[in-house]
Structures are given as structure tokens and as C-alpha cells.
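For the sequence shown, this note's numbering gives the first residue as 1006, with consecutive numbering after it.
The beta-carbon is built from N, C-alpha and C at its ideal position, and this holds for glycine as well.
Source: prediction; values computed, not measured.
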Amino acid sequence: MHHLDRRKTARGQAVIALLAVILFTLAGGGLGFWIGHYQNMTPIVDNRAQPSIVPRSSPASLAPSSAPAATEDLDLIASRVGEMQAELLRLNALGERLVHMSGLNPEEFDFTDPPPRGGAEEGPARDFTIREIASELGSMVSLVQDRKRKLEVLEDVIMDKDLTAQVMPSGWPVRAGYVTSRFGFRVHPIKKRRLFHEGVDFASPRGTAIVAVADGVVTFSGRKGGYGRTVDIRHVNGLVTRYAHNQDNLVKEGQMVRQGQKIATVGSSGTATGPHVHFEVIKDGKAVDPFRYIDRQPRPVLASASEDQPG
């Protein structure tokens, strides 16, 4: 009914994905800084175009003293490229799993195709320069940023679905029982007059746990006229759920409660003929049919429930 394990799993996967993105983005940012620094500090010299920049009087200056350092730099770049490619594969796999787990349209979150790119027609083949390698790395960073953006949007979608599942009423306020009176006009079991019933009554053994049907804040916990011991919980979108005729209230006003948390026990306080919980859903100050929000589970309903059962 609550699918708590599935929601926790989805949230955990989203957090893992974002942590991976954050760590990798930091690493990519450091690499980008290094590349920019290297470009600024290491000019590309074309000896054919600028022969005069090498003094003829200094033959020693022609020695390839910088070759080992340049080779080490290129090796470092190649190593970082490999790390980035491996990380991209992991991010793609995480993204695909999250899309599958969330039941979303894979076409909207495609982690297999690269982001759209373009450019001029290709020219003759030649070796890469340092600047061109840096440009390719910049393109790879763009790919990482694209995956990061998709994962952030995906996390928002997952968390929104998860939040909606927790804060919107769903399920019954008791784990075991049956409906004895529905929302609408009925003959009151005590007053014996046709009156409007603003909730749903669930008969259950005395002392049975009453649970919150959604996350919220307790706005009332105490006695309330014919309702007897009552708990009111405010949720999102102007919704309030009410649990009445309780034997004991287990929460206090101002307390945060979670979906499925025990908030009271079934009783017959107030105007009631037997142990049950009177459950209401109030939207913008007006009672509405609870079955517009909670599950219509296949529980037995007595044929004469609206006439002579606990009310």
C-alpha cells in the first residue's frame, strides 16, 4: 500500500547519481583549469612560419629539453580522457536504471545518444595539436554537463513523484476492518434521522492502530463534540484528514507525522455505537468524499451499513 521500500530505493539511486555527477564535475573542472593554464603557458610554435624566433647564436637552445615534459603532459591528458570516458559510462548506466525504475519515457531521458553537435565539413586528415586536444576535451566536458543536466531533471521528477506519493492521502487509516458507512446522506444510527455523513466509517477491533494516510502536521488532537477524541492532520493542497471516535490519541498538535505512522487507536468516544474510526478528508474547509483520495480496497461492506452500524 505504501511502497516505502521502492521509494527509498529510487531516492537512494538518485542521490548516488548526483554524488557521482558532483564529484566528476569537480574533477572535470580541475582538468579544464589545467588545460587552460597549460595553453596560456605553452605557446604553439610553428618553426616554418617563425624561423627568426630561435637565435642562431644559441645552438643549445635547439635541444629538445622540453620534450619529456610535453610527453608527460600528453600522457596525463590521455589518462584523464580515459577516466572521463569511464565515468561517462557509469553515469549513463545510472541514468538508464533510474529511468527504468521510475517508469518514465526513455526517449525523454536518452543516456545513449550524445547531445546534438555540428560543424563544418571535415578537412584533410592530420595530427592533433595541443589546442585541438583541449578542444576535444572541452567537448567531452560538454557531454558530462549534458548528462549532469539530465540526471538533475530526472532526480526532480523522481523526488516529485516520491513526494506526491507521501503527502497525498492514500490507503486506509486502519490495517484491518471494513466500511460500515460511506460519504453522503444516511439514516443516523443514533438520531434515526436522514443526515449527511461527511466521512467514511471503518469498523475495527477496539485498540487497533489508526495510521496517518499521508505526511502532514497535526493541527488538532483532543476532544471535539460528537466526534469524541479526534486527530486532524493538515497536508498539501489545502487537504486535512480527520480521524475521530478514537480510544487514545498518540500525537500532539504541531507534531510532524509520516504516512503510515500510528497516530491513535480505535475506540467509540463521542457519539458512536461501537468501535470504529470516522475518517474525513476536508479540502479548503469543505468535506469531500474520502474515496476520491484513498484506495477503494476490496473490503466487505455490510448491506445495511448506512442504517444500523457504528456511526
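Residue i versus residue j - alpha carbon distance
| i | j | result |
| --- | --- | --- |
| Asp1223 | Met1261 | Checking the sequence shown, residue 1223 turns out to be Val, not Asp. So the alpha carbons of these two residues sit roughly 6 Å apart. |
| Leu1081 | Ile1299 | 59 Å |
| Glu1285 | Leu1099 | 42 Å |
| Ala1091 | Arg1136 | 23 Å |
| Thr1185 | Leu1096 | 52 Å |
| Thr1270 | Ala1214 | 5 Å |
| Arg1297 | Val1282 | 18 Å |
| Pro1178 | Arg1199 | 26 Å |
| Gly1087 | Gln1150 | 17 Å |
| Val1205 | Gly1233 | 16 Å |
| Asp1220 | Tyr1183 | 23 Å |
| Ile1238 | Phe1225 | 7 Å |
| Thr1276 | His1250 | 8 Å |
| Leu1089 | Ala1139 | The amino acid at residue 1089 is misidentified as Leu; the sequence shows Met. So the two alpha carbons sit approximately 14 Å from each other. |
| His1240 | Gly1265 | 14 Å |
| Leu1101 | Ser1084 | With the sequence shown as reference, residue 1101 is identified as Glu, and Leu is not the correct amino acid for it. So the alpha carbons of these two residues sit roughly 26 Å apart. |
| His1202 | Pro1295 | 11 Å |
| Thr1278 | Phe1207 | 13 Å |
| Thr1235 | Pro1280 | 14 Å |
| Arg1263 | Val1293 | 22 Å |
| Leu1352 | Gly1272 | Absent from the model: residue 1352. The displayed extent of the chain is 1006 to 1316, so no value can be given. |
DSSP three-state assignment for residue i, whether helix, strand or coil
| i | result |
| --- | --- |
| Asp1294 | coil |
| Glu1088 | helix |
| Ile1299 | coil |
| Ser1144 | helix |
| Gly1272 | strand |
| Gln1150 | helix |
| Leu1200 | strand |
| Gly1227 | strand |
| Gly1035 | Unreliable positioning characterises Gly1035 in this predicted model, as indicated by a pLDDT of 46, which lies under 50. A coordinate reading is not provided. |
| Arg1180 | coil |
| Gly1100 | helix |
| Lys1288 | strand |
| Ala1139 | helix |
| Leu1081 | helix |
| Arg1187 | coil |
| Lys1267 | strand |
| Leu1255 | coil |
| Arg1095 | helix |
Where residue i falls, given that 16 or more other Cβ within 10 Å makes a residue buried
| i | result |
| --- | --- |
| Lys1155 | buried |
| Pro1210 | exposed |
| Asn1242 | exposed |
| Phe1188 | buried |
| Lys1291 | exposed |
| Lys1153 | buried |
| Ser1274 | buried |
| Asp1289 | exposed |
| Arg1247 | buried |
| Arg1191 | buried |
| Ala1181 | exposed |
| Gly1230 | exposed |
| Gly1259 | exposed |
C-beta contact flag for residue i and residue j at 8 Å
| i | j | result |
| --- | --- | --- |
| Lys1257 | Val1216 | no |
| Val1245 | Gly1176 | no |
| Gln1252 | Gly1227 | no |
| Leu1148 | Leu1093 | yes |
Within-8 Å CB hit, residue i to chain B
| i | result |
| --- | --- |
| His1281 | The structure shown contains no chain B, having only a single protein chain. |
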